[in-house]
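Single-structure report; data block below.
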Amino acid sequence: MHVAILHQFVPDNASADERDVLTQVEAVSAALGRLGHSSFVLPCTLDLAALAGQLTSQKPEVVFNLVESLNGTDALQSLVPLLVESLHIRCTGSSGAAILDSGRKRFAKSLLRAAGLPTPASYDLSALEQPQQDFVPGRYILKPDLEHASLGMTDADVVDAACVDELQHRLVAKSTAFGRPIFAEAYVDGREFNLSLLETSHGVRALPAAEIRFVDFPEGKPKIVGSAAKWDEESFEYTATVRSFERSRGDAQLVDTLTRQAIECWQALGLRGYARVDFRVDPHGRSFILEANANPCLSPDAGFAAAAAQAGLIYNEVIRHILAAAC
1 MHVAILHQFV
11 PDNASADERD
21 VLTQVEAVSA
31 ALGRLGHSSF
41 VLPCTLDLAA
51 LAGQLTSQKP
61 EVVFNLVESL
71 NGTDALQSLV
81 PLLVESLHIR
91 CTGSSGAAIL
101 DSGRKRFAKS
111 LLRAAGLPTP
121 ASYDLSALEQ
131 PQQDFVPGRY
141 ILKPDLEHAS
151 LGMTDADVVD
161 AACVDELQHR
171 LVAKSTAFGR
181 PIFAEAYVDG
191 REFNLSLLET
201 SHGVRALPAA
211 EIRFVDFPEG
221 KPKIVGSAAK
231 WDEESFEYTA
241 TVRSFERSRG
251 DAQLVDTLTR
261 QAIECWQALG
271 LRGYARVDFR
281 VDPHGRSFIL
291 EANANPCLSP
301 DAGFAAAAAQ
311 AGLIYNEVIR
321 HILAAAC
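Numbered by the UniProt record's numbering, the letters in the sequence shown go through residues 1 to 327 in order.
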């Protein structure tokens with residue numbers, strides 16, 4: 001099979017999180033070769049007409065979509081799969097529409113609530129301008145609405161708000177500094193889990209749940225997977241935020257619940273191919289969906305590949321399943 005691997009253009013001065021896609025490209029290309037497929041790589045920019053021309057002339061049978069952003073923002077991630085779909089070329093991962101819906105965090109939450117799935121309460125500036133009958137004073141975490149949730153996130157983004165005005169002030173300050181839409185989500189103090197999902201010929205398969213453990217965090221330090229935990233290898237957060245697949249006997253029912261809710265989330269958001277659902281679990285054992293990640297990172301050392309390995313799937317098999325599920 002002739003496969004086009006698409007990724008966003010990465011400038012020479014790109015940050016570590018932007019450069020990570022090049023690791024994914026290398027790994028996917030090698031896996032496709034081992035599986036007997038030919039492939040070529042196309043970096044993508046906002047020049048979609050040029051991309052359409054390249055795809056039309058090179059005639060791939062499938063596009064392996066690794067595009068995570070365009071022009072420096074995740075908000076435009078859906079443009080490439082939407083273009084590919086318009087050219088009637090099979091494309092891996094979720095559809096452009098599903099990427100758009102799941103990438104708008106507040107909108108995705110509304111879809112989850114409509115499906116009866118638990119997700120923390122949240123507010124944006126528009127919502128706070130309306131009369132609030134159900135506002136709950138407490139701790140909130142400020143997140144970008146249209147970008148990956150950890151982008152630029154630090155401990156300072158976990159804030160206490162005693163009233164609507166206080167939370168509005170926090171949102172205005174963060175939105176102004178960040179330059180992009182921000183929302184506030186009720187902070188769930190507890191355990192964090194990732195549930196990876198892989199589409200196979202037998203339907204969607206839940207991979208082993210990974211718990212993110214916050215090791216030796218000082219008292220009062222927010223337990224979040226922020227920017228430092230993901231990308232700053234010299235930071236305390238990077239070394240003290242540990243992925244674990246170990247389970248106690250008492251976790252069996254919880255993992256069953258997370259698995260069921262992750263699959264229901266997949267269905268509610270119309271996901272396809274592969275995805276990851278992030279959860280927090282409060283001290284009472286109640287689970288909350290933080291967000292769903294369509295087309296999560298496929299670097300061999302990232303969480304999705306780690307969960308697949310726990311399920312007995314080597315990297316080649318993961319890529320084979322993703323390719324087979326392309327629509």
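Cβ coordinates follow ideal geometry from the N, Cα and C atoms, glycine included.
Kindly give me the distance between the Cβ atoms of ALA49 and TYR123, rounded to whole angstroms, as I take these residues to be in contact under 8 Å.
No, ALA49 and TYR123 are not in contact; Cβ-Cβ is about 39 Å, not under 8 Å.
Taking the alpha carbon of LEU22 as the reference point, which residue from HIS37, LEU35, ASN65 has its own alpha carbon closest?
Selected option, being the one with the closest Cα: ASN65.
Compute the beta-carbon to beta-carbon distance between LEU198 and ALA308, rounded to the nearest angstrom, for a pair I have assumed lies under 8 Å.
Between ALA308 and LEU198 the Cβ distance is about 7 Å, and since that is below 8 Å, they are a contact.
Does the beta-carbon of CYS44, which I'm using as the reference point, lie nearer than 8 Å to any heavy atom of the ligand ATP?
As far as ligands go, the structure on display features none, and thus does not contain the ligand ATP.
Apply the 10 Å Cβ neighbour rule to GLN130 and answer buried if 16 or more other Cβ atoms are within range, or exposed otherwise.
The residue is exposed, with fewer than 16 neighbouring Cβ atoms inside 10 Å.
Pick out the complete alpha helix (DSSP H) segments inside the segment 176 to 243, 4 residues or longer, and give them in chain order.
Whole alpha helix (DSSP H) segments, 4+ residues: 227 to 231, 236 to 240.
Which value, in whole angstroms, describes the spacing of the CA atoms of ARG104 and ALA75?
The alpha-carbon atoms of ARG104 and ALA75 are separated by roughly 8 Å.
What are the partner residues of ILE5, as DSSP defines its beta bridges?
Partner(s): VAL41, PHE64.
Let me check understanding here. Comparing Cα to Cα, which of LEU171, SER227, GLN261, GLY203 lies closest to ALA209?
For ALA209, the nearest C-alpha among the options comes from GLN261.
What number of angstroms, rounded off, separates the C-alpha of PHE217 from the C-alpha of LEU125?
Between PHE217 and LEU125, the C-alpha separation is close to 32 Å.
For PHE279, count neighbouring Cβ atoms within 10 angstroms of its own Cβ and tell me buried if that reaches 16, exposed if not.
PHE279 should be labelled buried.
Compare the Cα-Cα distances from VAL158 to each of LEU82, LEU42, TYR187 and report the closest residue.
Residue TYR187 is the option with its Cα nearest to VAL158.
With contact counted as at least three CB pairs below 8 Å, one residue from each stretch, are the segment 159 to 176 and the segment 91 to 99 in contact?
Not touching, per the Cβ criterion.
Please classify VAL106: does DSSP put it in a helix, a strand, or coil?
First, the residue type needs correcting, since residue 106 is Arg and not Val in the sequence shown. Correct three-state label for ARG106: helix.
Determine the direct distance from the alpha carbon of GLU219 to that of LEU79, and round the result to whole angstroms.
Distance between the alpha carbons of LEU79 and GLU219 is about 43 Å.
Any idea what DSSP makes of GLY138, helix, strand or coil?
DSSP places GLY138 in strand when its eight states are reduced to three.
Starting from VAL277, trace the beta strand (DSSP E) both ways and give me its first and last residue.
Where VAL277 is concerned, the enclosing beta strand (DSSP E) stretches over 274 to 281.
With which residues is ARG143 paired in a DSSP beta bridge?
One point to set straight first is that residue 143 is Lys, not Arg, in the sequence displayed. LYS143 is bridged to PHE183.
Using the C-alpha atoms, what's the distance from ALA306 back to VAL318?
VAL318 and ALA306: Cα-Cα distance of roughly 11 Å.
The alpha helix (DSSP H) with SER86 in it runs from where to where?
Unbroken alpha helix (DSSP H) run through SER86: 79 to 86.
Residues in its own chain within less than 8 Å of ALA285 by CB, not counting five upstream and five downstream?
For clarity, residue 285 is Gly in the given sequence; the question names Ala instead. Once the five neighbours on either side are set aside, the close Cβ partners of GLY285 are LEU254.
According to the Cβ coordinates, are CYS327 and ALA115 closer than 9 Å?
Contact flag unset, no.
Hey, is the segment 169 to 176 in contact with the segment 190 to 207, meaning 3+ C-beta pairs nearer than 8 Å?
No: the two stretches stay apart, fewer than three of their Cβ pairs being nearer than 8 Å.
Excluding five sequence neighbours on each side, which residues of the same chain lie with their C-beta closer than 7 Å to the C-beta of THR200?
Excluding residues within five positions, the ones whose Cβ falls inside 7 Å are HIS321.
So the candidates are PRO144, ALA206, GLN168; which of them puts its Cα closest to the Cα of GLY179?
Of the candidates PRO144, ALA206, GLN168, the one whose C-alpha sits nearest the C-alpha of GLY179 is PRO144.
Could you spell out where the alpha helix (DSSP H) holding ASN295 opens and where it closes?
Careful: ASN295 lies outside any alpha helix (DSSP H) and carries neither H nor E.
Bridge partners of TYR315, per DSSP?
Bridge partners of TYR315: none, in fact.
Quick one: residues in its chain with C-beta nearer than 7 Å to the C-beta of HIS37, no 5 flanking neighbours on either side, listed in chain order?
Excluding positions up to five away in sequence, the list reads MET1, VAL3.
Just to confirm before moving on: does the CB-CB distance between ARG34 and ASN316 stay below 9 Å?
Yes; because the gap between Cβ atoms is below 9 Å, this pair is in contact.
Just mark LEU7 as buried or exposed, buried being the case when its beta carbon has 16 or more other beta carbons within 10 Å.
Per the sequence shown, residue 7 should be read as His rather than Leu. So HIS7 ends up on the buried side.
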